[in-house]
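**Q** Dumping the structure here so I can ask a few things about it.
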Amino acid sequence: MASEEMEQLVRREYTQGFVTDIESDTVPPGLDESTIAFISEKKGEPEWMLEWRLEAYHQWLKMTTPSWAHLNYPPIDYQAISYYSAPKKPEDRPQSLDEVDPKLLETYEKLGIPLHERAALAGVAVDAVFDSVSVTTTFKEQLAEAGVIFCSISEAIRDYPELVKQYLGSVVPQGDNFFAALNSAVFTDGSFVYVPEGVTCPMELSTYFRINAANTGQFERTLIICEKQAQVSYLEGCTAPMRDENQLHAAVVELVALDDAKIKYSTVQNWYPGDEDGKGGIYNFVTKRGDCRGDRSHISWTQVETGSAITWKYPSCMLRGKDSIGEFYSVAVTNGRQQADTGTKMIHIGENTRSTIVSKGISAGRANQSYRGLVKVGPRAKNARNFTQCDSLLIGDTCGAHTYPYQEIGNSSSIVEHEATTSKIGEDQLFYCQSRGISEEDAVNMIVNGFCKDVFQELPMEFAVEAEALLNVTLEGAVG
Amino acid sequence: MSDEQTFLDTLQARNEARGDEPTWIAARRQAGAARFEAVGFPHKRVEAWKYTDVRAIARGEFRLADSADFSPATAAALTLPIEALRLTFVDGVFSRALSDLNTLPSGVTIEPLSHALEANHEAVGGALGRLAGVDFSPFTALNTAFAEEGAVIRLAPGTVVETPIIIQFLSRANEAPVMSHPRVLIEAGGRSEATVIEHHAGESGATNFTNLVSEVMLDRSAILSYYKLQEAPVGDLHIASLHVEQGRDSRFTSFNLNLGGALVRNDIIDDLNAEGAETQYNGLFFVRDRQHVDNHTLVNHNAPRTYSNENYKGILDGRARGVFNGKVMVKRDSQQIEAYQNNANLLLSDRAEIDTKPELEIYADDVKCSHGATTGQLDEDAIYALRTRGIDNQMARGLLTLAFAGEVMDQVTLDVIAERVELAVAGKLPERFNLTGLVETASALGEK
Amino acid sequence: MLEVKDLHVSVEGSEILKGLNLTLKQGEVHAIMGPNGAGKSTLSAVISGKEGYEVTSGSITFEGRDVLEMEVEERAQAGLLLGFQYPVEIPGVKNIYLLKAALNAQRAARGEEEIPAPEFMKLVKEKLAAMKMDPSFLQRAVNEGFSGGEKKRNEILQMLVLQPRLAMLDEIDSGLDIDAMRVVADGINSLRDPERGVLIVTHYQRLLEHVEPDVVHVLVDGRIAKTGDKQLAYELESRGYEWVLEESTA
Chain A
86 MASEEMEQLV
96 RREYTQGFVT
106 DIESDTVPPG
116 LDESTIAFIS
126 EKKGEPEWML
136 EWRLEAYHQW
146 LKMTTPSWAH
156 LNYPPIDYQA
166 ISYYSAPKKP
176 EDRPQSLDEV
186 DPKLLETYEK
196 LGIPLHERAA
206 LAGVAVDAVF
216 DSVSVTTTFK
226 EQLAEAGVIF
236 CSISEAIRDY
246 PELVKQYLGS
256 VVPQGDNFFA
266 ALNSAVFTDG
276 SFVYVPEGVT
286 CPMELSTYFR
296 INAANTGQFE
306 RTLIICEKQA
316 QVSYLEGCTA
326 PMRDENQLHA
336 AVVELVALDD
346 AKIKYSTVQN
356 WYPGDEDGKG
366 GIYNFVTKRG
376 DCRGDRSHIS
386 WTQVETGSAI
396 TWKYPSCMLR
406 GKDSIGEFYS
416 VAVTNGRQQA
426 DTGTKMIHIG
436 ENTRSTIVSK
446 GISAGRANQS
456 YRGLVKVGPR
466 AKNARNFTQC
476 DSLLIGDTCG
486 AHTYPYQEIG
496 NSSSIVEHEA
506 TTSKIGEDQL
516 FYCQSRGISE
526 EDAVNMIVNG
536 FCKDVFQELP
546 MEFAVEAEAL
556 LNVTLEGAVG
Chain B
24 MSDEQTFLDT
34 LQARNEARGD
44 EPTWIAARRQ
54 AGAARFEAVG
64 FPHKRVEAWK
74 YTDVRAIARG
84 EFRLADSADF
94 SPATAAALTL
104 PIEALRLTFV
114 DGVFSRALSD
124 LNTLPSGVTI
134 EPLSHALEAN
144 HEAVGGALGR
154 LAGVDFSPFT
164 ALNTAFAEEG
174 AVIRLAPGTV
184 VETPIIIQFL
194 SRANEAPVMS
204 HPRVLIEAGG
214 RSEATVIEHH
224 AGESGATNFT
234 NLVSEVMLDR
244 SAILSYYKLQ
254 EAPVGDLHIA
264 SLHVEQGRDS
274 RFTSFNLNLG
284 GALVRNDIID
294 DLNAEGAETQ
304 YNGLFFVRDR
314 QHVDNHTLVN
324 HNAPRTYSNE
334 NYKGILDGRA
344 RGVFNGKVMV
354 KRDSQQIEAY
364 QNNANLLLSD
374 RAEIDTKPEL
384 EIYADDVKCS
394 HGATTGQLDE
404 DAIYALRTRG
414 IDNQMARGLL
424 TLAFAGEVMD
434 QVTLDVIAER
444 VELAVAGKLP
454 ERFNLTGLVE
464 TASALGEK
Chain C
24 MLEVKDLHVS
34 VEGSEILKGL
44 NLTLKQGEVH
54 AIMGPNGAGK
64 STLSAVISGK
74 EGYEVTSGSI
84 TFEGRDVLEM
94 EVEERAQAGL
104 LLGFQYPVEI
114 PGVKNIYLLK
124 AALNAQRAAR
134 GEEEIPAPEF
144 MKLVKEKLAA
154 MKMDPSFLQR
164 AVNEGFSGGE
174 KKRNEILQML
184 VLQPRLAMLD
194 EIDSGLDIDA
204 MRVVADGINS
214 LRDPERGVLI
224 VTHYQRLLEH
234 VEPDVVHVLV
244 DGRIAKTGDK
254 QLAYELESRG
264 YEWVLEESTA
């Protein structure tokens with residue numbers, strides 16, 4: 086978009102977007118049926134949606150927090166959390182960049198975040214700088230021409246109830262796991278994308294979210310549906326660390342791809358990791374699953390995970406359709422006292438289904454990181470193929486890197502291959518770079534970026550550049 | 024009555040019949056029983072037992088055998104035909120008739136556990152149970168509660184035993200199933216060297232439950248090859264754990280070869296506690312029909328400059344199920360270690376299933392670790408090449424399956440075991456590509 | 024004994040053989056020569072039954088049987104044996120297994136009993152000696168870790184044990200030093216027999232100095248462009264292939 090156009094947009098008056106005007110109230114901490122009824126009412130939801138939420142809540146009550154992950158954190162008091170809070174009033178937010186933590190601004194600088202975005206990301210209450218809603222509206226018009234529906238999940242529940250009813254919870258059922266059940270009961274925001282048959286979405290659905298994300302709640306719910314022969318590339322997250330008051334995040338993302346459809350979902354996650362002692366970081370418990378429902382459908386997950394104190398995340402693919410393809414490309418970096426348990430599940434159900442997993446884990450400081458993945462080949466998945474490459478890099482002698490790949494194979498015509506390595510940064514590589522006059526820190530960055538190359542090349546161009554910069558920032562101080 | 028109670032009742036009856044024992048033994052029995060009662064049999068929600076259902080054991084009723092009678096003709100056919108120092112147990116009961124300990128080299132002690140306890144129970148008490156605690160698994164607890172027989176092998180420092188030591192476990196086709204809870208204790212002194220073969224076989228039709236716990240301690244620079252050849256009758260239930268501890272520069276090689284049994288679970292745990300310790304795990308299993316084999320291996324790199332290498336292969340036919348869980352754990356400050364792990368599986372039938380999980384848990388950075396797991400098919404180019412020689416598709420597949428197993432068996436230095444397993448693998452192949460005749464000829468030719 | 028008529032073969036949609044005709048009679052040794060890419064290896068692959076080659080028209084008959092209707096192993100059992108240009112490594116499968124299984128399969132196809140072990144051992148040892156190969160070869164995996172020359176010798180050893188009716192040798196001379204070449208050539212010559220045929224596919228005339236062909240064919244661009252006696256091979260060596268092509272298209 087030309088900068089002039091952008092400026093015009095920015096200057097425009099606030100117009101009514103899809104964000105409903107919510108009264109500035111907050112429910113007291115705690116979760117019971119009335120909290121859910123309150124959320125549902127605030128969102129102006131129909132009765133069936135409330136029932137759906139309550140059903141999830143009742144299932145959640147019977148569930149316990151999963152304990153199998155290689156994560157260590159104190160138990161969460163779910164009754165101490167407030168499940169609904171309206172966006173902060175402008176007067177409660179920082180009034181200018183001067184009031185923002187200089188460390189945060191320094192990071193923006195290093196990441197090359199444009200000036201006008203920095204304020205929005207830092208939560209500065211100056212609408213004139215960048216009005217996300219107006220920008221979004223313009224994008225929406227362009228999308229509408231193509232027939233693509235792109236709106237908040239709340240709006241979709243209101244305006245496209247049949248689509249939501251048909252697909253919501255069809256990939257991640259309400260009672261799928263503890264966090265998914267919680268999300269289903271209390272989700273407050275998220276995105277909805279519907280790409281009709283034969284349509285290739287005319288733009289990457291990214292900029293929107295980048296701005297919007299500053300206001301998303303703890304419990305996002307995203308639903309993306311690609312009809313036959315449709316295609317979409319969706320970018321979630323933000324390379325810049327965001328000001329965030331919420332400690333617990335439990336998002337659910339559901340993708341549905343019908344015959345010949347292709348969905349590419351890219352994530353950069355850089356929530357606050359906490360301080361050096363691990364205090365105050367975000368707990369990120371995410372359920373992401375794609376359903377390759379149609380023949381020859383294709384779902385590809387790419388993630389760069391550098392933030393959060395705790396990451397619990399396994400973007401998965403259900404490969405039901407014949408010849409369907411699932412992919413997972415991941416870079417996860419943990420430093421300080423971060424802990425990440427992440428990976429994927431590839432469930433081969435249909436014939437000739439194929440999946441690829443490339444996971445690169447980098448652990449530094451006192452961090453612990455685990456790759457956990459499942460490749461399952463059902464008895465009917467004739468000629469299924471999987472290839473998994475899973476490498477870990479350790480920087481320093483106080484961190485940990487772990488690999489837990491599960492293979493459950495029940496078809497004799499399938500080929501499943503897993504390779505994994507764990508090593509430290511090669512001293513000879515470092516020495517070589519340094520002998521060419523490159524500083525140790527730059528050398529480490531170069532080597533780490535090289536290590537992650539296979540994943541970065543799956544990211545949309547602009548994202549890839551940012552991801553590299555992000556990696557360098559995350560690993561700052563890891564060496565020497 | 025709960026499943027556990029049935030076993031506890033049997034234990035109580037046995038304790039009453041047994042009379043007085045040294046206090047430490049009674050206390051351990053008590054601790055084992057208490058632990059077993061507290062945790063009960065494992066179920067599938069426990070990660071370590073996720074893929075293995077032990078209800079066939081839990082719901083079974085097993086008495087304890089009281090005699091070691093065994094048909095000499097059958098025993099002769101089952102026994103490995105080599106010169107060896109041999110201890111034989113029939114359904115857990117020591118058989119003097121089928122043992123051969125007449126020419127013990129100096130520096131070597133080999134005796135049944137019951138004799139060792141009788142002679143000097145305090146000398147056994149220190150080592151027994153040191154590596155295999157009652158909290159390792161409900162089955163170790165159960166074993167500790169029942170244990171009264173088994174093998175005790177001690178090698179004095181510097182002793183090199185050329186003759187293999189065989190611990191033979193025979194299972195009988197009894198009228199009602201029996202259970203046994205044998206213990207094996209091996210203490211290999213500094214610079215000692217030996218080869219131990221744990222051999223399981225029996226009468227077809229047997230449906231007994233064996234719950235074996237073995238502890239092996241290798242002192243500085245000791246070298247031990249440990250073969251497990253499990254050809255138990257296909258109705259047998261078999262649970263075993265092998266706990267190894269290694270001192271500086273010691274070398275342990277394990278061959279875990281499983282062909283028999285209805286339900287088989289092996290745990291191998293090796294603590295590499297001092298620099299220079301090296302371990303090699305080789306594994307092969309071939310199961311068919313409704314056989315179930317689960318191998319769980321763990322290497323603990325507790326010291327810097329320790330080395331481990333693991334290679335496991337599985338062949339599954341019919342409705343068989345195989346499980347492989349290999350874990351390499353590198354402790355903090357265990358720098359400059361190397362750990363390699365490989366698992367490959369071959370499914371011959373669409374109704375067979377393999378569940379594999381090669382794990383790495385690493386807390387030190389100066390390490391070279393890798394693992395690989397593949398499940399796949401035979402190489403189509405190789406099949407074509409064999410067919411161009413007139414060998415039909417089925418036979419070609421048979422040959423390649425044998426070759427797949429051969430990659431593990433090539434490491435076996437004891438011909439008697441290599442040939443036995445190769446023949447068994449050939450014989451276990453589906454009838455259309457049974458290669459027994461071929462293997463027999465080849466080994467005959469090899470000897471000439 | 025072998026008759027190829029108007030054979031058209033495509034690989035992944037592009038036509039490699041474009042109407043090839045070839046007749047080989049019992050007792051004859053034929054050489055097929057031609058430049059790279061002419062379709063030499065395609066011809067031997069199609070005759071042996073390798074997958075991935077589509078026969079769009081034409082026929083191959085061997086002693087009256089329709090070769091294209093036969094399974095790969097049936098062709099070998101009938102005595103139609105291919106010596107590979109790049110012999111496949113088969114880790115873990117011992118040479119002895121391959122030889123015995125193959126020989127017995129051939130005998131079974133002829134309705135004969137399995138070969139008794141002592142007789143088999145005698146046969147194999149004699150052939151090993153002929154190929155100047157150490158008996159330890161038998162216990163090694165097929166071609167695994169073999170040098171290029173060893174692999175080719177092993178191909179000939181299999182021929183000697185299996186005694187095919189028609190031996191097809193695809194670039195058997197590539198990668199051989201002079202000594203190995205002599206051993207391989209002696210092996211091939213020992214297969215010469217009034218009852219048998221040999222088809223040598225080669226790029227060079229080198230091997231033909233040791234194994235004199237009765238007939239030489241020049242394969243250019245998917246067809247037999249010229250057929251002659253062994254003099255043709257020498258001519259090709261000195262003049263190259265261009266002139267044949269020009270002559271045939273003129």
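Protein chains in written order, with the numbering used here: chain A, 86 to 565; chain B, 24 to 471; chain C, 24 to 273. By construction, the Cβ of each residue, glycine as well, lies at the ideal position given by its N, Cα and C atoms. None of the values given here were measured: they were computed from a predicted structure.
(1) Would a check of beta-carbon distances place Tyr-304(B) closer than 8 Å to chain A?
(2) Along chain C, which residues have their Cβ under 9 Å away from the Cβ of Ala-405(B)?
(3) Have a look at the DSSP bridge pairing and note the partners of Ser-455(A).
(4) With a cut-off of 8 Å, do at least 3 Cβ pairs link the stretch 102-113 of chain C to the stretch 185-194 of chain C?
(5) What in chain B is Cβ-close to Asn-496(A), meaning under 8 Å?
(6) Below 8 Å CB to CB, which residues in the same chain sit around Leu-231(C) once its five sequence neighbours on both sides are set aside?
(7) Chain B partners of Gln-129(C), CB-CB under 7 Å?
(8) Val-390(B) CB to nearest chain A CB: under 8 Å?
(9) Check each residue of the stretch 116-148 of chain A: if its Cβ is closer than 8 Å to any Cβ of chain B, include it; give the result in chain order.
(10) Are the C-beta of Arg-443(B) and some C-beta of chain C separated by less than 8 Å?
(11) Can you give me the C-alpha to C-alpha distance between Ala-452(A) and Ile-385(B), rounded to a whole angstrom?
(12) Taking C-beta to C-beta, are Gly-458(A) and Ser-477(A) nearer than 8 Å?
(13) Report all residues from its chain with a CB closer than 7 Å to the CB of Ile-39(C); omit the five preceding and five following residues, and keep chain order.
(14) For Val-501(A), does the count of other Cβ atoms within 10 angstroms reach 16, so buried, or fall short, so exposed?
(15) From Phe-347(B) to Glu-493(A), what distance separates their C-alpha atoms?
(16) Mind listing which residues of the stretch 175-205 of chain C have their C-beta closer than 8 Å to chain B's C-betas, in chain order?
(17) If you count every other CB in all the chains shown that lies within 10 Å of the CB of Ser-109(A), and 16 or more means buried, which is it?
(18) From the beta carbon of Tyr-120(C), is the nearest beta carbon of chain B less than 8 Å away?
(19) Could you give the distance in angstroms between the alpha-carbon of Gly-232(A) and the alpha-carbon of Arg-374(A)?
(20) What residue range does the alpha helix (DSSP H) around Ser-520(A) cover?
(21) Buried or exposed: where does Ile-201(C) fall if 16 or more other Cβ atoms within 10 Å of its Cβ makes it buried?
(22) Run the CB neighbour count on Ala-394(A), radius 10 Å, all protein chains shown included, and call it buried at 16 or more, exposed below.
(23) Run through the DSSP bridge pairs and tell me what Ala-217(B) is partnered with.
(24) Distance, Cα to Cα, Lys-251(B) vs His-261(B)?
(25) Can you list the residues of chain B that Pro-73(C) reaches, using a CB-CB cut of under 7 Å?
(26) According to DSSP, simplified to helix, strand and coil, what is Gly-306(B)?
(27) Ser-260(B) CB to nearest chain C CB: under 8 Å?
(28) At least one CB of chain A closer than 8 Å to the CB of Ala-120(B): is that the case?
(29) Sort out for me which residues DSSP pairs Pro-381(B) with in a bridge.
(30) Which same chain residues, not among the five before or five after Thr-230(B), have their C-beta less than 7 Å away from its C-beta?
(31) Return the residues of the stretch 233-247 of chain C that lie within a Cβ-Cβ distance of less than 7 Å from chain B, sorted by chain order.
(32) Look up Arg-109(B) in the DSSP assignment and say whether it is helix, strand or coil.
(33) Check whether the Cβ of Ser-444(A) lies closer than 8 Å to any Cβ atom in chain B.
(34) Comparing C-alpha positions only, which one of Glu-51(C), Gln-181(C), Ala-153(C), Arg-88(C) sits nearest to Asn-166(C)?
(35) What residues in its chain sit with their C-beta under 6 Å from that of Ala-472(B), if we drop five residues either side in the sequence?
(36) Which word fits Phe-275(B), buried or exposed, when buried means at least 16 other C-beta atoms lie within 10 angstroms of its C-beta?
**A** The relevant details are as follows:
(1) If you number the second sequence from 1, residue 304(B) lands on position 281. Output row for Tyr-304(B): interface = no.
(2) Sequence index remark: in the second sequence, residue 405(B) carries index 382 (1-based). Ordered by position in chain C, the residues that pass the 9 Å Cβ test against Ala-405(B) are Val-111, Glu-112, Ile-113, Pro-114, Val-116, Val-165.
(3) Within the first sequence, numbered from 1, the residue matching residue 455(A) stands at position 370. Asp-426(A), His-487(A), per the DSSP bridge assignment.
(4) yes
(5) For the purposes of this step, residue 496(A) is identified with residue 411 of the first sequence, where counting begins at 1. What Asn-496(A) touches in chain B: Leu-370, Asp-373.
(6) Residue numbering aside, residue 231(C) sits at position 208 when the third sequence is read from its first letter. These residues qualify, in order along the chain: Ala-54, Ile-223, Thr-225, Val-239, Lys-253, Ala-256.
(7) Locating residue 129(C) in the third sequence gives position 106, counting from the first residue. Correct list: Gly-413.
(8) Residue mapping note: residue 390(B) aligns to position 367 of the second sequence, counting from 1. For Val-390(B), the answer is yes, since a Cβ of chain A falls inside 8 Å of its Cβ.
(9) Answer set for the stretch 116-148 of chain A: empty.
(10) For the purposes of this step, residue 443(B) is identified with residue 420 of the second sequence, where counting begins at 1. No, Arg-443(B) lies away from the interface with chain C (no Cβ there is under 8 Å from its Cβ).
(11) The sequence position of residue 452(A) within the first sequence is 367, counting from 1. The sequence position of residue 385(B) within the second sequence is 362, counting from 1. Using only the alpha carbons, I get a separation of about 12 Å.
(12) On the first sequence, position 373 is the one that residue 458(A) refers to. On the first sequence, position 392 is the one that residue 477(A) refers to. No.
(13) Walking along the third sequence from the start, residue 39(C) turns up at place 16. So the qualifying residues of the chain are Val-32, Ser-33, Gly-62, Thr-65, Gly-245.
(14) Working through the first sequence from its first residue, we reach residue 501(A) at position 416. Classification of Val-501(A): buried, given that the 10 Å Cβ count is 16 or more.
(15) Sequence index remark: in the second sequence, residue 347(B) carries index 324 (1-based). Sequence index remark: in the first sequence, residue 493(A) carries index 408 (1-based). Looking at the two C-alpha atoms, the distance is approximately 10 Å.
(16) Gln-181, Leu-185
(17) To locate residue 109(A), count along the first sequence from 1; it is residue 24. Summary for Ser-109(A): the model assigns pLDDT 38, below 50, so the residue's position carries little reliability; its value from the coordinates is reported in the next sentence. When all chains shown are included, Ser-109(A) counts as exposed.
(18) Counted from its first residue, the third sequence places residue 120(C) at position 97. Answer yes: the Cβ-Cβ gap between Tyr-120(C) and chain B drops below 8 Å somewhere.
(19) Taking the first sequence and counting its residues from 1, the one referred to as residue 232(A) is at position 147. Taking the first sequence and counting its residues from 1, the one referred to as residue 374(A) is at position 289. Rounded to whole angstroms, Gly-232(A) to Arg-374(A) spans 25 Å at the Cα level.
(20) By one-based count along the first sequence, residue 520(A) stands at place 435. It spans 512-520 - the alpha helix (DSSP H) in which Ser-520(A) sits, taken as one unbroken run.
(21) Here residue 201(C) is taken as the residue at index 178 of the third sequence, counted from 1. For Ile-201(C), the number of other beta carbons within 10 angstroms of its own is below 16, and it is reported as exposed.
(22) By one-based count along the first sequence, residue 394(A) stands at place 309. With 16 or more Cβ atoms within 10 Å of its Cβ, Ala-394(A) is classed as buried.
(23) Position 194 of the second sequence, counting from 1, holds the residue named residue 217(B). Bridge partners of Ala-217(B): Leu-247(B).
(24) Within the second sequence, residue 251(B) is the residue found at index 228, counting from 1. Within the second sequence, residue 261(B) is the residue found at index 238, counting from 1. Looking at the two C-alpha atoms, the distance is approximately 13 Å.
(25) Translated into positions along the third sequence, residue 73(C) becomes position 50. Here the sequence assigns Lys to residue 73(C), which means Pro is not the residue at that position. Neighbourhood of Lys-73(C) in chain B, by CB distance below 7 Å: Tyr-407, in chain order.
(26) Position 283 of the second sequence, counted from the start, is the residue given in the question as residue 306(B). Strand at Gly-306(B).
(27) The sequence position of residue 260(B) within the second sequence is 237, counting from 1. Looking at the sequence itself, residue 260(B) is Leu, so the reference to Ser does not match. So, not an interface residue.
(28) Along the second sequence, one-based indexing puts residue 120(B) at 97. Chain A, which has no Cβ nearer than 8 Å to the Cβ of Ala-120(B), makes this no.
(29) The residue labelled residue 381(B) in the question sits at position 358 within the second sequence. For Pro-381(B), which the question treats as bridged, DSSP gives the partners Gly-349(B).
(30) As a first step, residue 230(B) must be located in the second sequence, where it is residue number 207. The answer, listed in chain order, is Pro-200, Gly-258, Asp-259.
(31) none
(32) Residue numbering aside, residue 109(B) sits at position 86 when the second sequence is read from its first letter. Look at Arg-109(B) here: in three-state DSSP terms it is strand.
(33) By 1-based counting over the first sequence, the position of residue 444(A) is 359. Answer no: the Cβ-Cβ gap between Ser-444(A) and chain B never drops below 8 Å.
(34) One-based indexing of the third sequence puts residue 166(C) at position 143. It is Gln-181(C) whose Cα lies nearest to the Cα of Asn-166(C).
(35) Given that chain B is displayed from residue 24 to residue 471, the structure contains no residue 472(B) and the question cannot be resolved.
(36) For the purposes of this step, residue 275(B) is identified with residue 252 of the second sequence, where counting begins at 1. Phe-275(B) comes out buried.
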